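> Provided herewith is a single structure, encoded as structure tokens, for subsequent inquiry.
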Amino acid sequence: MRVLLTSVCAGALLVPAGLAQAQVSESGQVETAPDSSQAPDEARRLGAVTVTATRRTQDILDVPVAVSNIGAEQMERSGISDVKQLTSIAPSLDITNTIGESYGAVIRVRGIGTSGSNPGLESATGVYVDGVYRSRSNLALNDMPGVERVELLRGPQGTLFGKNTTAGVLNVVTAKPSDVFEGSAAVTAGNLGLTRFDGTIEGPLTDTLGGRLDIMTMDRDGYTESEFTGEAFGARERVQARGQLYWEASDTVDVRLIADYTDKSEDGSNFLVYRSITPAAETLLGQFGPVPTAQEDIKDYYTTPTDGRDWGQTVLDRGISAEVNWEVGPGTLTSITAWRKFDADRSFDPDAGPVDLLYDDRDGEVFESFSQEVRYQGVAGDLDYLVGVFYANDKIESRDSYTFGADLETWLGLLVGSDTLFSAVTGLPAGSVFPEGGGAYDVFKQDGESVALFTHNTYQVSEKLSLTGGLRFTVDEKSLDADLTSDNPACEAAIASGGDGLSTTPAGLRGLVCIPNFDTRRDGRYTDNRSEEEFSGVLSALYRVNRDLSTYASYSRGYKSGGYQFDRGGLIIPNPSGDQLEFDPEFADAYELGLKGVFLDGLVRANLALFYTELTDYQFSYVQASASGETQRVVANLPQLTSQGVEVETAFSPTENLSMNFAATYQDADFGEEAFPTSLSYLEDRGNFNAPKWTLVSSANYDRDLPGTSLRSFAYLDARWQSKSNVSFSASVGPTHEQEAYATFNGRVGLGSQSESWTLEVWGRNLTDENAWAMTGAGTLQPGTVQGYGIEPRTYGATLRVTW
């Protein structure tokens, strides 16, 4: 497979190189420009692309990294308003979230991402907003008012962006205050009761001080509804504000202060939809009322959470940062100081079924972080050097609760074929074995400190050849304090009569009498400390063939810190202890060849990358069956996960009015072939989850001034197609966890003034109302069922924009 892939990609490399021959003489020197009468219209030329992927502002042709630059205009035309929607135009990027806005988000790059939704797991894709790190994926799923561009860096980025970037980096850059007074406003209305307002005002406050304020409010109804009551779930309310000051203190010093605030609430959540129900499970569900409809191919967003309980979640996210740049000596000293806090509260139905089995009404997290980075970048002769130090302190509190529903005891009795068996085994009166309101409430607290020293240097060997080397040394320390409590009469009675081994309980019932999520034997307070010292780095060579073409080769090593599982399922019976919740760090070694160029006198831009990444000690969250017959959620380090493939990105301008983009990713992300835990041996040599082999995206934008008027019009369309993939979030395999290939389309048409003082737009996302499974998993305490989450249905509306 690797030989075939390499051969195909090597051939692909020759295509842009062939185009470049028209621009380079036999001596290798750049030829003089053709006669202006034969040159394309200047308006059709593609502008230069600059990125800050190396913590410097550079032409993308000088950066030996696979990076996509997604600008504000493209995001606006595609209707991208939050981070999740970036997948519309970035084929190597995949973002899913399960329970809702506050929990369960996974960001994948090239088929690699953090498995599971345990808050103790840090993301494999680092997210930075104006240089400030967001330590968990769900902390990054905000709307993006005032964003100037988003850079997607693919592959490990451990040198400059630090730990937890084994898959890549999303680098979000917001717009600085303008030096003239101006503003904008946009009002949007759409289906699902959507109303949204975006506003910006900015300009100089004094000769040296500028300010900017971006605000956004949004309300939208949910699109999932109860199959039996018609109640809708998932309605969203959001308020977001970002204010900033930019001070040019002197000719050599500038300061940028940013404060942001986000308040989000959701009525209910992304409740699970039944995908399959076996006849046996259907019989059980039928004992309690109407049986939910199972949909092999999701058509209706019907869900069936227990009626009569309050479901919802709230998020409060805020922070402040200060960036200071001081031109001193031969370079620039940069300091970025930041504080952030994220609070989430959640109440949801973990079994998402009409039978009142369990409910979680006290879940939530608090993340609080302080970070400080100082770096110095300068040039000495042919050497462009950068050195820096980074410090971060993170405090986490995670609340994990499971509460017995009114039907749990009856349901478990039906599962074992007797409504009196549990009472007989435990000696408890019927109705008091699993009483409503019992369950577990666990609080995990973690303090973490991280210190890193890093350097990143580029040496210009010749006019065309440059070599880059970078190294980062990280010291990471974490401490855990967990307080686990439960109210489980059945388990307590079994322990009293048979000890921790539950010797008086039949082996086949032990996993139900002491269900792992509220197993009394795991109650107690657990503390532990861990530390690690690791290196990450990069080595690359870039050859600038001419002004319009460059090629590069690179090796990089990434590191993702170890930590603690925030779930009692990781504790081992007998003799549970805090160190059993530990998991080890994850490492990535990546090799990449790339080609970047601008062709046909500026009308075509094309990038090509071949990549191979090998992860060792891959952090994987899954459900494990123990020797005693219990099932429990744990985090394990798997021996190996590899991802190899090729990426192509192109942009071209066929006419003065028409611009087009096309990008494709082929990724083969597979687990290793040996040494897996026994319970996961079936994954050996299988493909990773949520990692389709092929993803294609394309877009076209047509702008035209209407002759004889002061008006302009535009039309935009983009498409994303991905091949078949396994979308399980529970490490399950089989047809009920597969999603066939599908495509989605987004479009927008608009009419406005040529001065852009106003624009009226009509838009739609998922125009064909494609229905597909985003993630699936086994039903909680419902053997014989599979449930899942669907992609968002079609949305449409109109937007009026004004600027001044």
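Start counting the sequence shown at 0; every next residue gets the next number (numbering that gives the first Met the number 0). Where a beta carbon is used, it is the ideal one built from N, C-alpha and C, also for glycine. Since the model is a prediction, treat every value here as computed from it, not as a measurement.
1) Which two residues bound the contiguous alpha helix (DSSP H) that contains leucine 284?
2) From Val450, Gly568, Ser465, pick the residue whose C-alpha is nearest to that of phenylalanine 369; which is it?
3) With burial defined as no fewer than 16 other Cβ atoms inside 10 Å of the residue's Cβ, what is the status of glycine 328: buried or exposed?
4) Quick one, are the C-beta atoms of leucine 356 and glycine 416 less than 8 Å apart?
5) Thinking C-alpha only, which one of Ile395, Gly796, Ser530, Trp803 is nearest serine 756?
6) Nearest-angstrom Cα distance between serine 36 and leucine 614?
7) Using a Cβ-Cβ cut-off of 6 Å (strictly less than) and excluding sequence neighbours within five positions of alanine 240, which residues of its own chain qualify?
8) Along the beta strand (DSSP E) that carries arginine 703, what are the first and last residues, could you check?
9) By a C-beta neighbour count over all protein chains shown, 10 Å radius and 16 as the cutoff for buried, is leucine 382 buried or exposed?
10) Counting only the same chain and skipping the five closest in sequence on each side, list residues whose C-beta sits under 6 Å from that of glutamine 666.
11) If the criterion is Cβ atoms closer than 8 Å, does the pair alanine 493 and threonine 484 meet it?
12) So, helix, strand or coil for proline 488, using DSSP?
13) Output needed for asparagine 606: all residues of its chain with C-beta closer than 6 Å, excluding positions within five of it in sequence on either side, in chain order.
14) Closer than 6 Å by C-beta to alanine 481: which residues in its own chain qualify, once you throw out the five before and the five after it? Chain order, please.
15) Who are the Cβ neighbours of leucine 710 in its own chain at under 8 Å, not counting the five residues just before and after it?
16) Count the other C-beta atoms from every protein chain shown that fall within 10 angstroms of the C-beta of isoleucine 69, then say buried if there are 16 or more, exposed otherwise.
17) Run through DSSP, which three-state label would phenylalanine 270 get?
18) Could you say which of Ser177, Leu208, Ala439, Val62 lies nearest to glutamine 156 if we only look at CA atoms?
19) Comparing C-alpha positions only, which one of Gly536, Thr743, Thr550, Glu581 sits nearest to asparagine 528?
20) Going by DSSP, what residue range makes up the beta strand (DSSP E) through phenylalanine 369?
21) Comparing alpha-carbon positions, which option in Gly733, Arg719, Asp475, Arg55 lies nearest alanine 829?
22) Report yes or no: do three or more beta-carbon pairs, one from the segment 146–161 and one from the segment 552–570, lie closer than 8 Å?
23) When DSSP labels each residue in this structure, what does leucine 244 get in the three-state scheme?
24) Over what stretch of residues does the beta strand (DSSP E) that includes arginine 800 continue unbroken?
25) DSSP on glycine 783, reduced to helix/strand/coil?
26) For glycine 438 versus phenylalanine 347, is the C-beta spacing smaller than 8 Å?
27) Taking DSSP as the reference, what is the three-state secondary structure of glycine 468?
28) Tell me the DSSP secondary structure of tryptophan 310 in three-state form.
29) Just the C-alpha distance for phenylalanine 675 and asparagine 725, rounded to the nearest angstrom, thanks.
30) Which of helix, strand or coil does DSSP assign to asparagine 68?
31) Say whether the segment 334–346 touches the segment 129–142, bearing in mind that this needs 3 or more beta-carbon pairs closer than 8 Å, one atom from each stretch.
32) Which same chain residues end up closer than 8 Å to serine 627 when comparing Cβ atoms and leaving out the 5 residues on each side of it in sequence?
33) Between glycine 568 and proline 488, which are expected to be in contact by the criterion C-beta below 8 Å, what is the C-beta distance as a whole number of angstroms?
34) Check for me: the alpha helix (DSSP H) holding leucine 414 runs from which residue to which?
35) Going by beta carbon distance, what residues of the same chain come within less than 6 Å of leucine 570, once the five residues before and after it are set aside?
36) Taking all protein chains shown into account, decide if glutamate 760 is buried (16 or more other Cβ within 10 angstroms of its Cβ) or exposed.
In terms of the structure at hand:
1) Residue mapping note: residue 284 aligns to position 285 of the sequence shown, counting from 1. Counting along the chain, the alpha helix (DSSP H) containing leucine 284 begins and ends at 278–285.
2) Here residue 369 refers to the residue found at position 370 of the sequence shown. Ranking the options by Cα distance to phenylalanine 369, first place goes to Val450.
3) Counted from its first residue, the sequence shown places residue 328 at position 329. Classification for glycine 328: exposed.
4) By 1-based counting over the sequence shown, the position of residue 356 is 357. By 1-based counting over the sequence shown, the position of residue 416 is 417. No, Cβ-Cβ distance for leucine 356 and glycine 416 is not below 8 Å.
5) As a position in the sequence shown, residue 756 is number 757, starting the count at 1. Ranking the options by Cα distance to serine 756, first place goes to Trp803.
6) Within the sequence shown, the letter at position 37 stands for residue 36. Within the sequence shown, the letter at position 615 stands for residue 614. Note that serine 36 has pLDDT 40, beneath the 50 cutoff, so the model's placement of it is unreliable and the number below is only indicative. Rounded to the nearest angstrom, the two C-alpha atoms are 54 Å apart.
7) The count along the sequence shown starts at 1 and reaches residue 240 at position 241. The answer, listed in chain order, is Ile214, Tyr260.
8) Within the sequence shown, numbered from 1, the residue matching residue 703 stands at position 704. 693–704 is the span of the beta strand (DSSP E), which, as asked, contains arginine 703.
9) Numbered from 1 along the sequence shown, position 383 holds the residue referred to as residue 382. Classification for leucine 382: exposed.
10) Within the sequence shown, numbered from 1, the residue matching residue 666 stands at position 667. The residues are Arg109, Gly110, Ser642, Gly644.
11) In the sequence shown, the residue the question calls residue 493 occupies position 494. In the sequence shown, the residue the question calls residue 484 occupies position 485. Contact flag unset, no.
12) By one-based count along the sequence shown, residue 488 stands at place 489. Note: proline 488 maps to helix in three-state DSSP.
13) Against the sequence shown, residue 606 aligns to sequence position 607. Lys595, Glu648, listed in sequence order.
14) One-based indexing of the sequence shown puts residue 481 at position 482. The residues are Phe443, Tyr525.
15) Here the question's residue 710 lines up with position 711 in the sequence shown. These residues qualify, in order along the chain: Asp704, Leu750, Gly751, Ser752, Gln753.
16) Indexing the sequence shown from 1 puts residue 69 at position 70. By the neighbour-count rule (16 or more Cβ atoms within 10 Å), isoleucine 69 is buried.
17) Counting from one through the sequence shown, the residue named residue 270 turns up at place 271. Reduced to three states, the DSSP call for phenylalanine 270 is coil.
18) Residue 156 sits at position 157 when you count from the first residue of the sequence shown. The shortest Cα separation from glutamine 156 among Ser177, Leu208, Ala439, Val62 belongs to Val62.
19) Translated into positions along the sequence shown, residue 528 becomes position 529. The shortest C-alpha separation from asparagine 528 is found at Glu581.
20) Here residue 369 is taken as the residue at index 370 of the sequence shown, counted from 1. That run of the beta strand (DSSP E) goes 357–379.
21) Outside the displayed range of the chain (0 to 803) lies residue 829, so it cannot be described from this structure.
22) yes
23) Along the sequence shown, one-based indexing puts residue 244 at 245. Strand at leucine 244.
24) Indexing the sequence shown from 1 puts residue 800 at position 801. Counting along the chain, the beta strand (DSSP E) containing arginine 800 begins and ends at 794–802.
25) Taking the first residue of the sequence shown as position 1, residue 783 is located at position 784. Looking at glycine 783 - three-state DSSP - the assignment turns out to be coil, as it is neither helix nor strand.
26) Within the sequence shown, residue 438 is the residue found at index 439, counting from 1. Within the sequence shown, residue 347 is the residue found at index 348, counting from 1. Cβ atoms of glycine 438 and phenylalanine 347: not closer than 8 Å.
27) Taking the sequence shown and counting its residues from 1, one reaches residue 468 at position 469. Of the three classes helix, strand and coil, the one that applies to glycine 468 here is strand, per DSSP.
28) Residue numbering aside, residue 310 sits at position 311 when the sequence shown is read from its first letter. Coil.
29) Numbered from 1 along the sequence shown, position 676 holds the residue referred to as residue 675. Numbered from 1 along the sequence shown, position 726 holds the residue referred to as residue 725. If I take the Cα positions, the gap works out to 19 Å.
30) Translated into positions along the sequence shown, residue 68 becomes position 69. Asparagine 68: strand per DSSP, three-state reduction.
31) yes
32) In the sequence shown, the residue the question calls residue 627 occupies position 628. Residue confidence is low: serine 627 scores 36 on pLDDT, short of 50, so the model does not pin down where it sits. Its coordinate-derived value is still stated next. The residues are Leu501, Ala506, Arg509, Gly510, Ile572.
33) Locating residue 568 in the sequence shown gives position 569, counting from the first residue. Locating residue 488 in the sequence shown gives position 489, counting from the first residue. 21 Å between Cβ atoms; not a contact.
34) The count along the sequence shown starts at 1 and reaches residue 414 at position 415. Run containing leucine 414: 407–415, per the alpha helix (DSSP H) assignment.
35) Position 571 of the sequence shown, counting from 1, holds the residue named residue 570. Excluding sequence neighbours, leucine 570 sits near Arg521, Gln579.
36) For the purposes of this step, residue 760 is taken as residue 761 along the sequence shown, with counting starting at 1. Buried: at least 16 other Cβ atoms inside 10 Å.
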